Amino acid sequence: MSEEIVVAVSGINAVDNPGPGLGVIRSLKEDSSLKIKAIGLAYDAMEPGIYLDWLVDKSFIMPYPSSSEEDYLARLFYIKDVTGLQVVIPTLDAELPLFIKGEQELKSKGIETFLPTWEQFELRSKQRLIEMAPRLGLSVPPTEQVSSYSDLLKALDRIGFPAMVKGLFYKAYRVHTFAEAEGAFYKIVEEWGYPVLVQKVIQGEELNVVGVGDGEGGSLGMMAIKKLWITSLGKIWTGVTIKHEVLLESSQKFLRETGWRGAFELECIATDDRIYLIEINPRFPAWLYFATGAGINLPARLVKKVLGQPVETHSEYEAGRLYIRYTYDLVTDMDVFQKIVTRGET
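The sequence shown begins at -9 in the numbering used here and counts up by one.
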């Protein structure tokens, strides 16, 4: 077996709106060619991943991403000193700007990442989706950009209900009345400012693709799924692998067009006659382990790519593989909780 590789992963908040972190760590641990020491990056002492010691070898509390870049990077450098940290896989949207902007400084300290460039990261803007989708052979739902309450009302008159009220980069609310739309509009404006997007809700099958771009227009592997059952928060609970040639070819075009580097997820809705692009997520999704279970271990491939090791790049998997999420109960003592609260690490 190879030498131990120390990898830090965020998003270990396996709650009702789970982060991708535990799926990433589980994938890394299951690759027999890697010997992984997994470091959990948490933002709260109650994140469940801190207590799953058969997956997460050591955990640290991080400053919130809204804190200063200096403080955030200083914490990572401390973790490097303590653990020998080599690779970080951030999995939460709010963290990515810090890691992308700090990439060279991290690298100078011996901490590697494999993330999109800033230009690629900005493609997640819902404005840019309108430009990107036709280049990929996909459609976008009717969408209007608004910068005032009166514009919101006019857009809703044209688009109708139900509708999605979205921030340019973050937050999206499904609304059925003008009152709901008004509340969603002001929530987004207060947190993220203008403009706000109003988008028609498309009824159809929810299809997603997860993959990793090699940064040169190629793929380190990808897989398509159909969501069968989602929670009230819109999170997948059961799903099935599919071989949707149009969707997979559109994903390949996405990589060729952008030269995308790192993890990505395309969220789409398919109707009888077209596929609509809803989101481009610049990270692994929470259902990432589905791909590992189906034979495509994307986190392991990403780490091998970062470290210059040979990497499989195939996207061979069976259609009809079933994914079922489940909850799990853990009973433990207070020692770990006391350590993480008092020391900020386990």
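We put the CB at the ideal spot given by N, CA and C, even for glycine.
Given the structure is predicted, the values throughout are model-derived calculations rather than measurements.
Check, Outcome
"Taking buried to mean at least 16 other C-beta atoms within 10 Å of its own C-beta, is tryptophan 108 buried or exposed?", "exposed"
"Nearest-angstrom Cα distance between lysine 295 and lysine 91?", "21 angstroms"
"Can you name the start and end residues of the beta strand (DSSP E) that valine 202 belongs to?", "195 to 204"
"For a minimum of 3 consecutive residues, which ranges assigned as the beta strand (DSSP E) are wholly contained in the stretch 160 to 241?", "162 to 165, 186 to 190, 195 to 204, 209 to 220 and 226 to 232"
"Taking the runs of the beta strand (DSSP E) that are 3 residues or longer, which of them lie wholly in the stretch 40 to 98?", "48 to 51 and 77 to 79"
"Just list the residues that DSSP pairs glutamate 134 with in beta bridges.", "Val188"
"Leaving out the 5 sequence neighbours to the left and right, which residues in its chain are closer than 6 angstroms to glycine 127 when beta-carbon positions are compared?", "Ser240"
"Is the stretch 179 to 195 in contact with the stretch 279 to 295, if contact means three or more CB pairs nearer than 8 angstroms?", "no"
"Compare the beta carbon distance of glycine 334 and tyrosine 307 with 7 angstroms and say whether it is the shorter of the two.", "no"
"Hey, would you say glycine 11 sits closer than 7 angstroms to threonine 81, going by beta carbons?", "yes"
"Which first and last residues belong to the alpha helix (DSSP H) in which isoleucine 149 is found?", "139 to 149"
"Indicate the three-state DSSP secondary structure (helix, strand or coil) for serine 0 in the structure shown.", "strand"
"Below 7 angstroms CB to CB, which residues in the same chain sit around glycine 74 once its five sequence neighbours on both sides are set aside?", "Val(-4)"
"Who are the near neighbours of threonine 322 in its chain, counting only those whose CB is closer than 6 angstroms to its CB and skipping five residues on each side?", "Tyr41"
"Could you pull the start and end residues of the alpha helix (DSSP H) that glycine 11 belongs to?", "11 to 20"
"How would you call asparagine 7, buried or exposed, if buried means at least 16 neighbouring beta carbons within 10 angstroms?", "exposed"
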